[in-house]
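Undergrad:
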Amino acid sequence: MKAKKFIDLNCDMGESYGSWTMGNDAAIMPYISSVNIACGFHAGDPNIMMKTIDLAIQHGVHIGAHPGYPDLAGFGRRAISMTPKEVYAAVLYQIGALAAIAQARGAKLHHVKPHGALYNLAAKDKVYADAIADAIQALDSSLILYGLSGSELTRAGKDRGLSVFHEVFADRTYQADASLTPRTEPNAILKTVDAAIAQIVRILQTGEVITVSGDALPIEADTICLHGDHEGAAEFAKQIQQQLMDFDISIR
């Protein structure tokens, strides 16, 4: 594989709610090229959605919808029993809400990336991946679908002729089947910036990621996800950007 010279860097944002604050969106926004904005189901509300869109416009960052399960208490990280039809409707509803606010602020949606437990389900279950891809296609087939690299979700997008970005993670570890290590496992998160940077640089230069078992696994990468909901996320984003530049990899 030819080493990449540029990569999209995305971050989940707009996940505050009312007077409760999650993350430091303003500090992270200058270092990324795409933002995935919560649409009010797992986090966020109309005012937060508008505020985050305005922040993205200010920094020239691509705006994406981040639909999840209707689960504010569990932050969308708990699996909820929903039929594919219900998932289709919920995803369509959330994308439509964010698209309306974006249009009112003079912007346009660029992509859609499912959140949390819904993202993980769609990565493995074709039926739910199809439901999400169908919702995107029905609303706006020009939207890019962000999904776990090599997953059922990216395949569903391609089957429908959607543009697809294969997503890799800077701070998460990988299993032998290219799935992310569950957050319930002690080794799910890479603990240091150096470890995350080493993983990303290897992926971009060789097209491989080292799994938790130590094996090299082929992986495709169009976009890197940074998590903005932990302490030090802004400094992490800044260092990732700088280190990639040092390796002659630009973010765009």
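Numbered continuously in my numbering, the sequence shown closes out at residue 409. The beta carbon of each residue, even a glycine, is placed where N, CA and C say it ideally should be. Quick caveat, the model's predicted, so the values are computed rather than measured.
Under the assumption that residue 197 contacts residue 251 (Cβ atoms under 8 Å), give the Cβ distance between them as a whole number of angstroms.
TA: Contact flag correct, Cβ pair sits at about 7 Å.
Undergrad: Would you say residue 267 and residue 220 are within 8 Å of each other, going by their C-beta atoms?
TA: Yes, Cβ-Cβ distance for residue 267 and residue 220 is below 8 Å.
Undergrad: Can you look up residue 266 in the DSSP assignment and give me helix, strand or coil?
TA: Note: residue 266 maps to strand in three-state DSSP.
Undergrad: Kindly indicate the opening and closing residues of the beta strand (DSSP E) around residue 214.
TA: Looking at the DSSP string, residue 214 is not in any beta strand (DSSP E); the run it does join, the alpha helix (DSSP H), is 203 to 216.
Undergrad: Tell me the DSSP secondary structure of residue 366 in three-state form.
TA: Reduced to three states, the DSSP call for residue 366 is strand.
Undergrad: Can you tell me where the beta strand (DSSP E) holding residue 304 begins and where it ends?
TA: Residues 301 to 305.
Undergrad: Would residue 171 count as contacting chain C if we go by Cβ distances under 8 Å?
TA: Absent from the structure: chain C. Only one protein chain is present.
Undergrad: If you scan the segment 175 to 204 from start to end, which runs of the beta strand (DSSP E) of 3 or more residues do you find wholly inside it?
TA: Qualifying beta strand (DSSP E) stretches, in chain order: 191 to 195.
Undergrad: May I ask you to report which of helix, strand or coil DSSP gives residue 225?
TA: Reduced to three states, the DSSP call for residue 225 is coil.
Undergrad: Using the C-alpha atoms, what's the distance from residue 390 back to residue 185?
TA: Near 7 Å, if we compare the C-alpha coordinates of residue 390 and residue 185.
Undergrad: Using three-state DSSP, classify residue 239 as helix, strand or coil.
TA: Residue 239: coil per DSSP, three-state reduction.
Undergrad: So the beta strand (DSSP E) residue 157 belongs to, where does it begin and stop?
TA: It is not possible to answer for residue 157, since the shown part of the chain is limited to 158 through 409.
Undergrad: Quick one: what's got a C-beta closer than 7 Å to residue 207's C-beta in the same chain, skipping five residues either side?
TA: Once the five neighbours on either side are set aside, the close Cβ partners of residue 207 are 258 and 262.
Undergrad: Can the beta-carbon of residue 160 be found closer than 8 Å to that of residue 398?
TA: No. Outside cutoff.
Undergrad: So, with DSSP's three-state summary, where would you put residue 310?
TA: Residue 310 falls in the helix class under three-state DSSP.
Undergrad: Expressed to the nearest angstrom, what Euclidean distance is found between the alpha-carbon atoms of residue 291 and residue 320?
TA: So the alpha carbons of these two residues sit roughly 13 Å apart.
Undergrad: Skipping 5 residues on each side, what residues in its chain have a beta carbon closer than 7 Å to that of residue 330?
TA: Closer than 7 Å at Cβ, skipping near neighbours: 338, 344, 345, 347 and 369.
Undergrad: Which term fits residue 349, buried or exposed, when burial requires 16 or more other beta carbons within 10 angstroms of its beta carbon?
TA: Exposed, since its Cβ has fewer than 16 Cβ neighbours within 10 Å.
Undergrad: If we ignore side chains and look at the alpha-carbon of each, how far apart do residue 317 and residue 307 end up?
TA: Rounded to the nearest angstrom, the two C-alpha atoms are 16 Å apart.
Undergrad: So, for residue 395: in the same chain, excluding its five sequence neighbours on each side, which residues have a beta-carbon less than 8 Å away from its beta-carbon?
TA: Closer than 8 Å at the Cβ level, and outside the excluded window around residue 395, lie 188.
Undergrad: Thinking C-alpha only, which one of 253, 367, 171 and 355 is nearest residue 149?
TA: Since the first and last residues shown for the chain are 158 and 409, residue 149 lies out of range.
Undergrad: Tell me, please, which residues DSSP counts as bridged to residue 325.
TA: BP columns for residue 325 point to 381.
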